[in-house]
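Position one of the sequence shown corresponds to residue 484 (my numbering), numbered consecutively onward.
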Amino acid sequence: MEDNNKRSIDTTQEIENVENNKKVKINDEPSSVEESSSVNEVSMTSLEESSSVEVSTTNVTEDSSTVDNTKEETNTENENNNNNNEDNSSKEKQTEFKIKIEKLPQYINIPDLRKIFQKYELRFWKCKTNLKWDFAFASFKSEEERQDAIKKLDGLRIKTSNIHVIPINDNKEKKFEKRPSNISRKGNVKEPEPEDTRTPNEKLMDQVTPFWRFEYKKQIFKKSRINRKVLSAMVRNFEQLGRYMEEKQKSQLGWVKEASEANHGLICPIDEVVKSPVLTHYRNKCEFTIGHDFEGKKTIGFLLGLFREGITVVLGIEDCVHVPEKAKAVVKHFQEYVRNSDLDAFNRKGHKGFWRLLTTRFYKTNEDMIIVQVHPQDLSRERIEQEKKNLITFFTDLMTKIPDLNITSLLFQESDEVSNGATEKTEMEVLIGSKYVHENLLGINFRISPNAFFQVNTDATQLLYTTIRDWCIDSVGKDKKIVLLDLCCGTGTIGICMAQYFKRIVGIELCEQAVIDARYNAEANGIKNVEYICAKIEDAMKGVFNKIGRDEEVVAVLDPPRTGVHVSVIQAIRECAGLKHLIYVSCDANAAIQNFIDLCRPTSNKYKNNYFKPVRARPFDLFPQTRHCELVIDFKRD
Ligand SMILES: C[S@@+](CC[C@H](N)C(=O)[O-])C[C@H]1O[C@@H](n2cnc3c(N)ncnc32)[C@H](O)[C@@H]1O
């Protein structure tokens, strides 16, 4: 599966020195968002489109007033060269000769500035900018270097803007001093952090269900605010975007002001958050790590903290409010089993240990799937075969101890991967029952294979799908000549649930197993008007559109992974001029804001045809006790 977190940035740009009538072309290696993001993730598209680029802060949460993408960089190479004979204290005393670079096009980052400087044989000592700023600061170690920079850079044309460079901070005694940790950016003395008196279990709960301390009403209020902030951030993004656009393009953003005025600063109206019918124990799928607790005892639960932060402690899940009681009971018994086993739990440090992961997928059809993942280490085949037999006996007995446990699928997987978690790289072997379980959604029975995506909160998903269906039907009316494109269709749930309302459904999905499931699900439910294409949307869209009949209209539902889709998917969608109605289902609107912007940005070479406008939005709380929330946005275009 493609890693959608990485969006490549083409930093190719034309830089023209108006004064010297000199043109320079800078070609950067494409870099990734991951590299370019700071404390808060920053997503950006190509600088080629920099007049129409937007920045999204991942944490547009209630704390977003503190979001800061400011980046500061010291040219360490320079530092080392210049300070070979200097100790740290003399380095601290180095005088800076600072400039301010004004009227920068937006989204120029420090690597871009370094390229520009290098082109003019300049080298800053320190540089500071923020992707939201249209200015940057740079400093040099001598007045000569500063003057040289001003001479070469002032008036330089970057993209649509002539930059303005001025010397600042002539107080040569001013140093780059590290701000003491108790002083805020604004110079205020910060209150000392209160001592963390939480128990380890509370820390775990704060990590996996950060809203568990709030009443549900407050959780909903916070989620409403998070989503509203995304919709108001879109307005601000478009306003900023407009500042760097030619008149012709800018005029295509006129609707933003009207929409914002009509919706109290939001890009479109938004409904109240649709509450989850179940607030606790709702997760139909849980993945439990098998590891060691603080005392080194084999434990099944969730990892406290992150491995990259050096934490490998696993804590029990007894207090976790979103885990079903039946899953807790299975964990409790299986933990006992693992503790009694002479094989150790896997430890990522050193990659030793056998027991790795326990997955439970329990559905309302009363079909329960359990997956046990192990690391084979250098155990003999006989030994592993024996362990499998032991597992069959253990889980068969367990059904007599936990009355409502009905294991219709016990699967065993060996994985020698370095990182923890589910993997599709190795086969799953069926130890009990079948490889599949089933769940019922809006009266339709879906087969779920072990690795397939399926919404984790079945009850709330029915509400979500009902809205998607209603919004699609709005566009359909009674006319059944409409084709529904189920984009990122997974196992086909969305399309199949509404197949009766459409002339036909075309699902596009890149995961082969999911497409096999989707075809099976359609057939098993007697649905004949569906067709599935196993491909990337960006590759398949054009072909699909070429087959749309003259008498047919199209409406699309896009339900991508958490991070949204790659920009090429949005481009492909925009290129299909016949697609006028798109319903975007996002499980992390902050992460997907770039997609929203790209759907709506003015027409350009990169983003063809008319732009979409969001006409309404409705959040759904599919994940009570956590920060997460599903947001459905209805996009339309003329
Ligand atoms: C959140 S799941 C949605 C599945 C489905 N709509 C459902 O509700 O069961 C996202 C799906 O998008 C698929 N996907 C991601 N990028 C894709 C792309 N560029 N083209 C096609 N499918 C993609 C993934 O394989 C994954 O199955």
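Cβ atoms here follow ideal geometry from the backbone N, Cα and C, with glycine treated the same way.
Could you give the C-beta distance for residue i and residue j, rounded to a whole number, given that I count them as a contact under 8 Å?
{"i": "residue 1118", "j": "residue 1102", "result": "That pair is no contact at about 16 Å."}
{"i": "residue 1031", "j": "residue 966", "result": "6 Å"}
{"i": "residue 1025", "j": "residue 1054", "result": "Not really, about 11 Å apart at Cβ, beyond 8 Å."}
{"i": "residue 691", "j": "residue 803", "result": "6 Å"}
{"i": "residue 770", "j": "residue 904", "result": "7 Å"}
Indicate whether at least one CB of chain E lies closer than 7 Å to the CB of residue i.
{"i": "residue 799", "result": "Although the question refers to chain E, the structure presented lacks it and comprises just one protein chain."}
By a C-beta neighbour count over all protein chains shown, 10 Å radius and 16 as the cutoff for buried, is residue i buried or exposed?
{"i": "residue 849", "result": "exposed"}
{"i": "residue 504", "result": "At residue 504, the pLDDT of 33 sits below 50, so the modelled position is not reliable; the number obtained from the coordinates is stated separately. Exposed."}
{"i": "residue 805", "result": "buried"}
{"i": "residue 1064", "result": "buried"}
{"i": "residue 516", "result": "Note that residue 516 scores a pLDDT of 24, beneath 50, so its modelled location is shaky and nothing firm can be said."}
{"i": "residue 861", "result": "exposed"}
{"i": "residue 954", "result": "buried"}
{"i": "residue 675", "result": "exposed"}
{"i": "residue 925", "result": "exposed"}
{"i": "residue 502", "result": "Since pLDDT at residue 502 reaches only 31, below the 50 mark, its modelled position is unreliable, and the value read off the structure follows with that caveat. Exposed, because fewer than 16 other Cβ atoms sit within 10 Å of the Cβ of residue 502."}
{"i": "residue 581", "result": "buried"}
{"i": "residue 738", "result": "exposed"}
{"i": "residue 611", "result": "buried"}
{"i": "residue 667", "result": "exposed"}
{"i": "residue 1029", "result": "exposed"}
{"i": "residue 532", "result": "Because the pLDDT at residue 532 is just 35, under 50, the model does not fix this residue reliably, and the point stays unresolved."}
{"i": "residue 1049", "result": "buried"}
Can you tell me where the beta strand (DSSP E) with residue i in it begins and where it stops?
{"i": "residue 666", "result": "Here residue 666 belongs to no beta strand (DSSP E), and DSSP marks it neither H nor E."}
{"i": "residue 860", "result": "Per DSSP, residue 860 belongs to no beta strand (DSSP E) and is neither H nor E."}
{"i": "residue 896", "result": "890-897"}
{"i": "residue 849", "result": "Element bounds for residue 849: n/a, residue is neither H nor E."}
{"i": "residue 911", "result": "911-916"}
{"i": "residue 1063", "result": "1062-1069"}
{"i": "residue 971", "result": "That residue, residue 971, is in no beta strand (DSSP E); it is neither H nor E in DSSP."}
{"i": "residue 928", "result": "927-931"}
{"i": "residue 1098", "result": "1096-1103"}
{"i": "residue 1041", "result": "1036-1041"}
{"i": "residue 775", "result": "768-775"}
Starting from residue i, trace the alpha helix (DSSP H) in both directions and tell me its first and last residue.
{"i": "residue 979", "result": "976-980"}
{"i": "residue 1111", "result": "Careful: residue 1111 lies outside any alpha helix (DSSP H) and carries neither H nor E."}
{"i": "residue 838", "result": "Counting along the chain, residue 838 falls outside any alpha helix (DSSP H), though it belongs to the beta strand (DSSP E) covering 838-845."}
{"i": "residue 1022", "result": "1020-1029"}
{"i": "residue 726", "result": "699-726"}
{"i": "residue 1083", "result": "1072-1083"}
{"i": "residue 737", "result": "737-745"}
{"i": "residue 1015", "result": "Unbroken run through residue 1015 is the beta strand (DSSP E), 1013-1017; no alpha helix (DSSP H)."}
{"i": "residue 597", "result": "593-602"}
{"i": "residue 633", "result": "626-636"}
{"i": "residue 1057", "result": "1050-1058"}
Please name the residue in the options whose C-alpha comes closest to that of residue i.
{"i": "residue 754", "options": "998, 782, 711", "result": "711"}
{"i": "residue 688", "options": "557, 1031, 807, 1108", "result": "1108"}
{"i": "residue 873", "options": "924, 1001, 915, 885", "result": "915"}
{"i": "residue 939", "options": "634, 766, 1093", "result": "766"}
{"i": "residue 818", "options": "634, 780, 663", "result": "780"}
{"i": "residue 636", "options": "1085, 884, 583", "result": "583"}
{"i": "residue 1043", "options": "1027, 1072, 1015", "result": "1072"}
{"i": "residue 1037", "options": "772, 987, 701, 751", "result": "987"}
{"i": "residue 798", "options": "773, 822, 922, 820", "result": "773"}
{"i": "residue 1022", "options": "1039, 1052, 704, 691", "result": "1052"}
{"i": "residue 836", "options": "820, 843, 844, 859", "result": "859"}
{"i": "residue 628", "options": "615, 611, 650, 638", "result": "650"}
{"i": "residue 436", "options": "1062, 1046, 1106, 1105", "result": "Beyond the ends of the chain as shown, which are 484 and 1121, falls residue 436; an answer cannot be given."}
{"i": "residue 1059", "options": "1039, 854, 853", "result": "1039"}
{"i": "residue 1112", "options": "1085, 1092, 1075", "result": "1075"}
{"i": "residue 1012", "options": "941, 1049, 984, 578", "result": "984"}
{"i": "residue 820", "options": "995, 876, 830", "result": "876"}
{"i": "residue 702", "options": "786, 1114, 1104", "result": "1104"}
{"i": "residue 964", "options": "686, 946, 1033, 778", "result": "1033"}
{"i": "residue 1067", "options": "1041, 1085, 1086, 1082", "result": "1041"}
{"i": "residue 720", "options": "705, 680, 762, 614", "result": "614"}
Notebook entry, point to check: Does the stretch 632-648 come close enough to the stretch 580-592 that 3 or more CB-CB pairs lie under 8 Å?
Noted result: yes
Item checked: Inter-stretch contact (C-beta, 8 Å, three-pair minimum) for the stretch 702-722 and the stretch 746-764 -> yes
Item checked: the stretch 889-901 / the stretch 964-973 touching (three or more Cβ pairs under 8 Å) -> no
Next item on the list: Check whether the stretch 685-702 touches the stretch 807-825, taking contact to mean three or more Cβ pairs, one atom from each stretch, closer than 8 Å.
Entry: no
Check: Would you say the stretch 617-624 touches the stretch 601-609, given that touching needs at least three Cβ pairs under 8 Å?
Finding: yes
Note to self: Across the stretch 990-1006 and the stretch 926-937, are there enough close Cβ pairs to call them in contact, namely three or more that are closer than 8 Å?
What the structure shows: yes
Notebook entry, point to check: Below 8 Å, can you find three or more Cβ-Cβ pairs linking the stretch 900-911 to the stretch 713-732?
Noted result: no
Note to self: So, does the stretch 920-930 touch the stretch 1003-1012, judging by three or more C-beta pairs under 8 Å?
What the structure shows: Yes: at least three Cβ pairs fall under 8 Å.
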